[in-house]
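K.L.:
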Amino acid sequence: MANRPPYSGPHRKLVLAFDVGTTFSVADNSTSILDPGEIPEIRGVTRFPAQEHVGGDSKIPTVIYYDKEGNVRAVGAEAMRDGIEDEAEDGEWTKAEWFKLHLRPKTQSAAHITQKIPPLPQGKAAIEVFADFLRYLHKCARTYIEETHANGVDLLKSLEPRTYFVLTHPNGWEGGQQSLMRKAAVMAGLIPDTQSGQERLSFVTEGEASLHYCIQSGLTNEAMKSGKGVLIVDAGGGTIDISAYRQTSQDAKSFEEMAPPQCHFQGSIFVTNNANTYLGDLLKGSRFIGDVPYITRCFDRTTKLRFRSADEAQYIKFGTLKDRDPKLNIRSGQLKLNGTDVASFFEPSVQCVVKSIEEQSEASRTPIASIFLVGGFAASEWLYTKLKDTFSPRGLNVSRPDSHTNKAVAEGAVSFYIDHFVGARVSKLSYGVPVSIPFQPSNPEHLVRSYNKYESLSGRTMITGLFNSILPKGTKVAEYEEFRHSFHRQAHDAESLDSVTVGITCYRGQNYSQKTDNWFMDEDQSKFSVLCHVSGDTSSYSFSPRFSRRRQRYYEIQFDIILSLGLTELKAQIAWIEDGVEKRQGRPT
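Each residue of the sequence shown is one higher than the one before, counting from 1 in full-length UniProt numbering.
1. Output the boundary residues of the beta strand (DSSP E) element that contains F255.
2. Please report the residue range of the beta strand (DSSP E) in which Q490 lies.
3. Please report the residue range of the alpha helix (DSSP H) in which F391 lies.
4. Could you tell me which whole alpha helix (DSSP H) segments of length 4 or greater appear in the stretch 288–330?
5. In the DSSP assignment, find the beta strand (DSSP E) that holds H212 and state where it starts and stops.
6. Count the other C-beta atoms from every protein chain shown that fall within 10 angstroms of the C-beta of F18, then say buried if there are 16 or more, exposed otherwise.
7. Let me know if Q266 comes out buried or exposed under the rule of 16 or more other beta-carbons within 10 Å of its beta-carbon.
8. List, from N- to C-terminal side, the beta strand (DSSP E) runs of 3 residues or more that fit wholly inside the stretch 91–147.
9. For L447, does the three-state DSSP call read helix, strand or coil?
10. Bridge partners for W576 per DSSP, in chain order?
11. Select from F439, A79 and A96 the residue whose C-alpha is nearest the C-alpha of N518.
12. Helix, strand or coil for P192 per DSSP?
13. On a Cα-Cα basis, can you pick out the residue from S25, L373 and Y164 that is closest to L34?
14. State the start and end residues of the unbroken beta strand (DSSP E) segment that holds L457.
15. How close, in whole Å, do the beta carbons of V166 and S202 come, if the pair is a contact with beta carbons under 8 Å?
16. If you reduce the DSSP assignment to three classes, tell me which class F416 lands in.
17. Could you spell out where the alpha helix (DSSP H) holding G432 opens and where it closes?
18. What would DSSP say about G76, mapped onto helix, strand or coil?
19. Using a 10 Å radius around the Cβ and a threshold of 16 neighbouring Cβ atoms, would you call D82 buried or exposed?
20. If we count the other Cβ atoms within 10 Å of its Cβ and call it buried at 16 or more, is S526 buried or exposed?
21. Under 8 Å by Cβ, that's how I've got A50 and A77 pegged, so tell me the actual separation to the nearest angstrom.
22. Residues in its own chain within less than 7 Å of G339 by CB, not counting five upstream and five downstream?
23. What's the C-alpha gap between N29 and L16?
24. Please state whether the Cβ-Cβ distance between E256 and K473 is less than 9 Å.
25. What first and last residue would you give for the beta strand (DSSP E) that runs through V15?
26. In three-state DSSP terms, what is D35?
27. Would you be able to state if there are at least three C-beta pairs under 8 Å between the stretch 343–351 and the stretch 267–278?
28. Quick check on DSSP: helix, strand or coil for D560?
29. Who are the near neighbours of residue 595 in its chain, counting only those whose CB is closer than 7 Å to its CB and skipping five residues on each side?
30. Rounded to whole angstroms, what's the CA-CA distance from Q585 to R394? Just pull it up for me.
31. In angstroms with no decimal places, state the Cα-to-Cα distance between G580 and S486.
32. Beta strand (DSSP E) containing K59: first to last residue?
33. Here's a check: name, in chain order, each residue in its chain whose Cβ is nearer than 8 Å to the Cβ of S542, leaving out the five neighbours to either side.
34. List the endpoints of the continuous alpha helix (DSSP H) containing N273.
35. Just grab the DSSP bridge partners of N468 for me.
36. Who pairs with L335 in a beta bridge, going by DSSP?
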């Protein structure tokens, strides 16, 4: 970015961003390092083992082979080299691929992909495989810096305590997934499991990282001149992430989200899955049925990428001249498919993107001018053409970067750390806590749930089972803005209140997402889930005994729950007053 200001931090530091994709991953780092007073540059790691001949490619396959003892045997391009399958078979190795999707939120919208994801190697948890892959990316990045910088070994050693990491994840990942990724980063040796170590790890959604890439590449300049917004469609291997942004100042350095970002499991691997299902049905009972996995891989590597017209026949070359079956349209080792059938493989993904763009445009407070298509799936001519045909007549400009669409997220993640363009985000869900409130005998909703009423220690009749929304869905949240609500807890003895733990709950439904008051959770019970628990050590709190209407002694503590979105992470804290001073404890969810 030509007008990026000099780095103003007090110390030299190194920033590394890792984009672990479903099918391909990218490592980027600021190879100029962040030197005080110097303008930062973003350069990708473009040299990986078994891929040196590619020359300048910054992506590697997201694949790991494990042996029977659970040791890593091959990663990335090394796991795709010629002869690896024979070696794996002889050594009884197990392949781990698409493992990122095992970290996904276990929501209803993600349930349909469960049967489509390859199982993890026996004895391996998703977090362990993720950590092994992060360790490999980190090693490759360090080796690249050592080989491309003068005194690279000494440089890395001196910057080790000031190396900062940015991990990307789909828009739909939440606090639970970020927590798992944090643990994986510790397991991989990226950071120590200390407070200072945790502070060196940041997260950014793939949508926001892609926006940063588009801004620092100059792609948004024309769109923003009109004062309209832009949509970022990050189409990857596993997920499609859609985000809407608008510029909030004239210097092109301040943006805000305009609608809750979306994330859908309709990436390019699901096009391949649809092809696999079709091929299995087509070749069932023939001598080629055992070749379906290989034919599917051939489709994935060639036909899928070339497909651009439903009016033309498509071919999958998979065999030799001897492979022939005219009844199945197989001649000279090529399977002929109707273009309309291939288009049907893409149709769920295309319709998903179209619908999401329409929903984001409708929810945005500013009209949309441009749609930017990035990510590995953006290389599909069919997807790109269908979006242009759909939205260009509506006055929307659909474009994609000329090259390197696969590294937009990784480069954008470093830009996110350095440039910090987005100052406000929109909450994706409603966040709050379960509560009890005074029972109202005249309220029909209270009466029908009278089985939930109880008498508190103070003697008041209360009713439980309600949700207090501290941060409602769709709320625009500035970077340092906090949302807080006061609560209290009672106990027979003060020692029981030496610590306070509260479960931070989210509501994923639509019926009450905009409400800011309390509502009964049983109206949509399945859409509530606990994100995390936040605790406070209140053992030094000054308690004074209280007395109920029946003159029974009890103790009560007053505290606040504080929520903020910060830098794309939901943070939860518990706060209380101790000797006139506010105390806080908490962590990212």
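All C-beta atoms, glycine included, are put in the ideal place defined by N, C-alpha and C. Owing to the predicted nature of the structure, the values given are computational and were not obtained by experimental measurement.
P.N.:
With the given structure in hand:
1. F255 to E257
2. F483 to A491
3. E381 to F391
4. 292–298
5. Taken as a continuous stretch (DSSP letters only), H212 belongs to no beta strand (DSSP E), being part of the alpha helix (DSSP H) at E206 to Q216.
6. buried
7. buried
8. 94–97
9. helix
10. K583
11. F439
12. coil
13. Y164
14. Neither: L457 is in no beta strand (DSSP E) and is coded neither H nor E.
15. 5 Å
16. helix
17. Unbroken run through G432 is the beta strand (DSSP E), S430 to P438; no alpha helix (DSSP H).
18. helix
19. exposed
20. exposed
21. 4 Å
22. S309, A310, D311, E312, A313 and Q314
23. In this predicted model, N29 has a pLDDT of only 49, less than 50, meaning its place in the structure is not dependable; the value taken from the coordinates is given anyway. Cα to Cα, N29 sits roughly 4 Å from L16.
24. no
25. L14 to V20
26. coil
27. yes
28. strand
29. One cannot answer for residue 595 here, as it falls past the ends of the chain, which runs 1 to 589.
30. 50 Å
31. 17 Å
32. K59 to P61
33. E578 and D579
34. S268 to L282
35. V433 and N518
36. I316 and I330
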